[in-house]
Each structure stands twice: as structure tokens, then as C-alpha cells.
Amino acid sequence: MNLLGFVCWTRIHLLCSDLAYSGYLSGVGAVLFRNLIDWLQNLAYQDITGLMQEYYPLHLILIPAIGGAFVGPLVYYFAREAKGHGVPEVMESLELRGGRIRPRVVIVKSLASSICIASGGPVGREGPIAQIGSALGSIVGQVLKLSEDRVRTLVACGAAGGIAATFNAPIAGAVFALEVLLRRFGSVYFGAVVISAVTADVIAHYFEGDQRTFLTPDYSLNSPWELLLYTLMGMLAALAAFGFPVGCCIFQKICGA
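Mapped onto the numbering used here, the consecutive letters of the sequence shown carry residue numbers 513 to 769.
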């Protein structure tokens, strides 16, 4: 093996190691995040609810309010970039800070999102785990003192791994990272996010088994007219997908979030 081949092999080996670290951390983070949500949910709606029987059914309002009272100060005083959905904040870090995310975001986002979700807040897991995974990927890049481009790649890999491990969907995680975060489909980026997503998914399978997040029934087409309904449903979904973020932006401005 000549010197050039050795250098190329070494760089590829190091890159794959970085991607594996990012995927491993994202997978472990997703497992811990899911278990933290389950634990807090049991605490809120079983243990605490048992002590609030005299307030039934007001606890359905009180518990989300208590959760919000914890989340607000936690985010405001410790990591304000942990507020919001999560994905826009990751995109902002990629565009303005070269993918560098403060390590404390992992802790604050995990706690704030877990409390909000477990207490009944109107949020999901996809945004928080994308930001948590991205922050873990960014930490790997910063600790190893990698270049800005490689840090950005690891951020996308962390997001792909987090989504893959959370929803048992490595392909969806990889496509999300490529289309939404990196917005490029080069062979290097594609291979990177796939390695990270698959690694994270394997970690999640190891700890939690092969659990499907969404259980879909067997499908059969009974009439060709059903295709018209599916077309209409797609159009309505497109309108909702357009209107929802617009509505979020409007209310964020109104509330000063």
C-alpha cells in the first residue's frame, strides 16, 4: 500500500469511527429519552394522580400546567436555544454557527421535553430527539476538534440517529437529515447519515427489541374510487402542512416566544 492509499484509508477509518460514535450516542440518547418520558408520565398520571383524587378531573388541567411551570424557567435560565420545536434551532446552528451546539442543550432539552410530553403538553418526540441527537453529534465533533464541515455532517448524523432510534425508522432518519438539515445528497453525506442511522437503530433494538412505533393494519383496495379520497386527503394534508408552521410563527410573535 502506497502512502496516498494509507492516508486515504486512515481518513476513511477515522470518519467511520466518528459516525459510529455519533450513531451510538444518538441511539443511547433516544433510549434514555423515551424511558425518561415513560417514567415521568407514570409519575404524573399514576402516582401523583392518586394523591389528587379529590381534585378529579381537574388534575387533567393542573398536571400540564405544573409541567409548563417547570419547563419555562428551565429553558429560560439554562439554555434558551432549547426552546421551540427543535429542528429550526438545529438548522440555525448549522447555518450560523457551523453546527456547534452547546453541550448543555442535551440535558436541558431532554429534561424540558420529557416533562412537557409526560405532563400532557401538545408536543411530540420528533423535534426534541432531532435536537438532542444533533447536539450529541456536535459534541463529538467539538471534542475531536474537527473541521466545520465535518461537525455539520456529524450534527446531521446525530439527528438521523435520534429519529431512527426513536421511531425504528433508519431510512426516514437518513432522508430527514439529508433533505431538511444538510439539503444535499452527495455520496459522502448519504453514506455518513446511513451509517449513523443504522448504528443508532441497532442500539435501540438491543435495549428495547424490535418495536414498531406505528402499527398499520393490512391494506386492501376495495374500489378504485378510494384513490380519489386518497388524493383529497393528500391535498388536505398539504394545506395543513403549509398552514401549521405559519400558524406557529404567528402565535410565537404574538406570545413573544
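Positions of the beta carbon are idealized from the N, C-alpha and C atoms, including for glycine. Nothing here was measured: the structure is a model prediction, and the numbers come from that model.
For residue i, report the span of its alpha helix (DSSP H) as first-last.
i: V663; result: E660 to F679
i: T711; result: S699 to E720
i: E601; result: V599 to L608
i: Q643; result: E638 to V655
i: K595; result: That residue, K595, is in no alpha helix (DSSP H); it is neither H nor E in DSSP.
i: V617; result: R616 to A630
i: I683; result: P682 to F688
Taking all protein chains shown into account, do 16 or more other C-beta atoms lie within 10 angstroms of the C-beta of residue i, making it buried, or fewer, making it exposed?
i: A577; result: exposed
i: T711; result: buried
i: F688; result: buried
i: L722; result: Note on identity: in this sequence residue 722 is Asp, with Leu being the wrong assignment. Exposed is the call here.
i: A542; result: buried
i: E604; result: exposed
i: D826; result: Here the chain comprises residues numbered 513 to 769, so residue 826 is not present and cannot be evaluated.
i: F763; result: exposed
i: P569; result: exposed
i: P615; result: exposed
i: D713; result: buried
Please report the straight-line C-alpha distance between residue i and residue j, rounded to a whole angstrom.
i: L733; j: A556; result: 43 Å
i: G633; j: G703; result: 36 Å
i: L744; j: F756; result: 18 Å
i: A684; j: Y718; result: 20 Å
i: L694; j: L656; result: 21 Å
i: A581; j: G759; result: 24 Å
i: R592; j: L751; result: 31 Å
i: E607; j: N554; result: 39 Å
i: Q643; j: W737; result: 42 Å
i: I766; j: L741; result: 36 Å
i: A749; j: F545; result: 29 Å
i: R664; j: C761; result: 26 Å
i: S659; j: G746; result: 42 Å
i: L727; j: F590; result: 38 Å
i: R662; j: A647; result: 14 Å
i: L526; j: E720; result: Here the model assigns L526 a pLDDT of 48, short of 50, so the residue's position is not dependable and the matter cannot be decided.
i: T522; j: V700; result: Reliability of the predicted coordinates at T522 is poor, the pLDDT of 44 falling under 50, and no value is obtained from them.
i: A594; j: G579; result: 16 Å
i: C628; j: H571; result: 15 Å
i: T654; j: V540; result: A small fix is needed here, since residue 654 is Gln in this sequence, not Thr. For Q654 and V540, the distance between alpha carbons rounds to 19 Å.
Beta carbon of residue i, beta carbon of residue j: below 8 Å?
i: G639; j: V667; result: no
i: S538; j: G673; result: yes
i: A716; j: A677; result: yes
i: L690; j: F697; result: yes
i: S708; j: G535; result: yes
i: I619; j: I675; result: no
i: G670; j: G645; result: yes
i: I573; j: S631; result: no
i: V705; j: A686; result: yes
i: V617; j: Y533; result: no
With a threshold of 8 Å between beta-carbons, can residue i be considered close to chain B, or not?
i: L740; result: Among the chains in the structure shown there is no chain B, since it carries only a single protein chain.
When you compare the stretch 542-554 with the stretch 591-606, are there three or more beta-carbon pairs, one atom per stretch, that lie closer than 8 Å?
no
How about the stretch 576-591 and the stretch 623-632: do they share at least three Cβ pairs that are nearer than 8 Å?
yes
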